[in-house]
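Step one of this worksheet: look at the structure below.
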Amino acid sequence: MHNFDSHREHMQSMFTVPDTGLPPRRVWRDWAFLAVVLTSAIAETIWRPDVLWRGTAFVICVVCASAILYRRTHPLLAAAIPLATFQVLEVSSLVFNDGRSAGLFTCAYILVLIYAVFRWASGRHMVYMLAVMAASWGVSWFSVQNTLGDIIGGGVVLLFPAVAGLEVRHAVQLRRRSIDDARSNEREQIARELHDSVAHHVSAIAIQAQAGLAVSEKDPAAARAALKVVEEAAARTLTEMRTMVGALRDNTTGAELTPQAGVQDIARLGQTAPDAPNVHVELRGDLAQLSPPVDAALFRLAQESITNANRHARNASSINVCVEGTPDVVRLLVTDDGETVSPRAARVPGYGLLGMAERASLLGGEFDAGPSSPRGWTVQVELPREVSV
0 MHNFDSHREH MQSMFTVPDT GLPPRRVWRD WAFLAVVLTS AIAETIWRPD
50 VLWRGTAFVI CVVCASAILY RRTHPLLAAA IPLATFQVLE VSSLVFNDGR
100 SAGLFTCAYI LVLIYAVFRW ASGRHMVYML AVMAASWGVS WFSVQNTLGD
150 IIGGGVVLLF PAVAGLEVRH AVQLRRRSID DARSNEREQI ARELHDSVAH
200 HVSAIAIQAQ AGLAVSEKDP AAARAALKVV EEAAARTLTE MRTMVGALRD
250 NTTGAELTPQ AGVQDIARLG QTAPDAPNVH VELRGDLAQL SPPVDAALFR
300 LAQESITNAN RHARNASSIN VCVEGTPDVV RLLVTDDGET VSPRAARVPG
350 YGLLGMAERA SLLGGEFDAG PSSPRGWTVQ VELPREVSV
């Protein structure tokens, strides 16, 4: 009884699994795959001598192949209808041809359609597909051409794309969750920096307001000057507070009352360990009066880039950091001379790079990172001097 309840709960949980959301659009590979299937069906129909019901098998194979184009958007129908059609043909052949099977080997493309169900569809549809697959496997027991090994092997072959689809689905969801976590952590760090910067400005406002109250009766001019400082600080604080919209943070306690590290602090990142690559820092252009969030972000991006280079740049001897300020934007360029990263590895961004890209995007900037030529790695960031509000 306990095992029955356990299996029932497991089935109920499968029924509640949602689909994976919007699938990728139809791409050229789908048409190429369809063309390969059609070519194979034509060749097999012409040159394979033992095909039963040649014309019927060819038409069914070709018509059902159109499901390839719908395997992501309608995965259950795209797999179940062809598989059921093949089994109707198989049963008819077994009845009228003394237990001999009909159909083309090309119909093996159904395995790709089964994979799509377990990769994209909901849990309910996956259960329905398993039922269709079980019925299809049961039909194979009645073919005189199949031995016991063939029947068992056929079941394994049917289950393989289902398992592969579930594994890929899980891996993609895990990576997506890790990416979301990286972005969330970066947003939290940005929020913390902005919160601490605002706390610094508020403390300055409080001091200036107290000073203005203290001298208001004896020196009205000094009081007006203090109020002017309060007004400017309040405006800056309001601007920075607006940038916090959309940045999540779990804990806002423990704010520091000192400014965050900024562009001018990048120079101290050049102080490296004896066995680490030499870090050369160059600051040029107008880097004064940057928006505090931008100032802090440039330091964090440079720090993260140097850390990544120290960890991943094999046989690197130097890391160059250049920060250039213009009237509108500030550009950060970090390069190293490590061994060239393989093109395949370069296409898979790490979560650190995703966090850096998220930080730049939140501040209205642009981020790019990739292998350099002939060797090394390059990180390029461009941020506006003032945060958009």
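Following numbering that gives the first Met the number 0, the residues of the sequence shown are numbered contiguously, the last one being 388. Note that the Cβ used here is the ideal one computed from N, Cα and C, for glycine as well. This one's a predicted model, so the numbers in the text were calculated from it and none came from an experiment.
Could you give the residue range of the alpha helix (DSSP H) that holds Phe141? Here residue 141 refers to the residue found at position 142 of the sequence shown. Where Phe141 is concerned, there is no enclosing alpha helix (DSSP H), given that its DSSP letter is neither H nor E.
Pairwise C-alpha distance: Val50 and Cys60: Locating residue 60 in the sequence shown gives position 61, where the first residue counts as 1. Locating residue 50 in the sequence shown gives position 51, where the first residue counts as 1. Near 13 angstroms, if we compare the C-alpha coordinates of Val50 and Cys60.
Per DSSP, Ser317 is paired with what? Here residue 317 corresponds to residue number 318 of the sequence shown, with the count starting at 1. BP columns for Ser317 point to Asn277.
Per DSSP, what kind of secondary structure is Thr105 in: helix, strand or coil? Taking the sequence shown and counting its residues from 1, one reaches residue 105 at position 106. Here Thr105 sits in helix by DSSP.
Straight-line Cα distance separating Gly369 from Ala66: Sequence index remark: in the sequence shown, residue 66 carries index 67 (1-based). Sequence index remark: in the sequence shown, residue 369 carries index 370 (1-based). About 39 angstroms.
Under a three-way DSSP split, which group does Arg384 fall into? Reading the sequence shown from its first residue, position 385 is the one you call residue 384. Residue state, collapsed to three classes: coil.
Helix, strand or coil: which one does DSSP assign to Leu37? The residue you call residue 37 lines up with position 38 of the sequence shown. In the structure shown, Leu37 sits in a helix (DSSP, three-state: H, G or I).
Kindly identify the DSSP beta-bridge partner or partners of Pro48. In the sequence shown, residue 48 corresponds to position 49, counting from 1. Answer is none; Pro48 lacks a bridge partner.
CB of Pro276 within 9 angstroms of CB of Ser317, strictly: Locating residue 276 in the sequence shown gives position 277, where the first residue counts as 1. Locating residue 317 in the sequence shown gives position 318, where the first residue counts as 1. For Pro276 and Ser317, yes; Cβs fall inside 9 angstroms.
Which of helix, strand or coil DSSP assigns to Glu357: Residue 357 sits at position 358 when you count from the first residue of the sequence shown. Helix at Glu357.
Excluding the five sequence neighbours on either side, which residues of its own chain have a C-beta within less than 6 angstroms of the C-beta of Ala260, listed in chain order? As a working mapping, residue 260 is identified with position 261 in the sequence shown. Around Ala260: Phe298.
Are the CB atoms of Ala78 and Ala115 within a distance shorter than 9 angstroms? Numbered from 1 along the sequence shown, position 116 holds the residue referred to as residue 115. Numbered from 1 along the sequence shown, position 79 holds the residue referred to as residue 78. Against a cut-off of 9 angstroms, the Cβ pair of Ala78 and Ala115 comes out as a contact.
Kindly indicate the opening and closing residues of the beta strand (DSSP E) around Leu331. For the purposes of this step, residue 331 is identified with residue 332 of the sequence shown, where counting begins at 1. Per DSSP, Leu331 belongs to the beta strand (DSSP E) from 328 to 335.
Less than 7 angstroms between C-beta atoms, sequence neighbours within five positions excluded: which residues of the same chain meet that for Val16? Reading the sequence shown from its first residue, position 17 is the one you call residue 16. Excluding sequence neighbours, Val16 sits near Ser121, Gly122.
Per the DSSP calculation, Gln172 is bridged to which residue(s)? Position 173 of the sequence shown, counted from the start, is the residue given in the question as residue 172. BP columns for Gln172 are empty, so no partner.
According to DSSP, simplified to helix, strand and coil, what is Pro17? Position 18 of the sequence shown, counting from 1, holds the residue named residue 17. Looking at Pro17 - three-state DSSP - the assignment turns out to be coil, as it is neither helix nor strand.
Buried or exposed for His124, going by 16 or more other Cβ atoms inside 10 Å? Translated into the one-based positions of the sequence shown, residue 124 becomes position 125. Buried, by the Cβ-count rule.
Note the first and the last residue of the continuous beta strand (DSSP E) segment covering Asp285. Against the sequence shown, residue 285 aligns to sequence position 286. Here Asp285 belongs to no beta strand (DSSP E), and DSSP marks it neither H nor E.
May I have the straight-line CA-CA distance separating Gly324 from Asn184, to the nearest angstrom? Numbered from 1 along the sequence shown, position 325 holds the residue referred to as residue 324. Numbered from 1 along the sequence shown, position 185 holds the residue referred to as residue 184. Spanning the two alpha carbons is a distance of roughly 28 angstroms.
Helix, strand or coil for Glu187, going by three-state DSSP, please let me know. For the purposes of this step, residue 187 is taken as residue 188 along the sequence shown, with counting starting at 1. Three-state DSSP puts Glu187 in a helix.
So, helix, strand or coil for Gly375, using DSSP? Numbered from its first residue, the sequence shown carries residue 375 at position 376. Correct three-state label for Gly375: coil.
Is it right to say Val320 is buried, meaning 16 or more other beta carbons lie within 10 angstroms of its own, or is it exposed? Numbered from 1 along the sequence shown, position 321 holds the residue referred to as residue 320. Under this definition Val320 is a buried residue.
What would DSSP say about Val26, mapped onto helix, strand or coil? By one-based count along the sequence shown, residue 26 stands at place 27. It is coil, neither helix nor strand.
Count the CB pairs spanning the segment 99 to 119 and the segment 37 to 56 that are closer than 8 angstroms, and state whether there are at least three. yes
Quick check: what's the CA-CA separation for Pro373 versus Ser139? Against the sequence shown, residue 373 aligns to sequence position 374. Against the sequence shown, residue 139 aligns to sequence position 140. Distance between the alpha carbons of Pro373 and Ser139 is about 58 angstroms.
Between the beta-carbon of Gly375 and the beta-carbon of Ala312, is there less than 9 angstroms? As a first step, residue 375 is located in the sequence shown; it is residue number 376 there, counting from the start. As a first step, residue 312 is located in the sequence shown; it is residue number 313 there, counting from the start. Going by C-beta atoms, Gly375 is nearer than 9 angstroms to Ala312.
Which residues DSSP lists as bridging Ala368, in chain order: Translated into positions along the sequence shown, residue 368 becomes position 369. Answer is Val378, bridged to Ala368.
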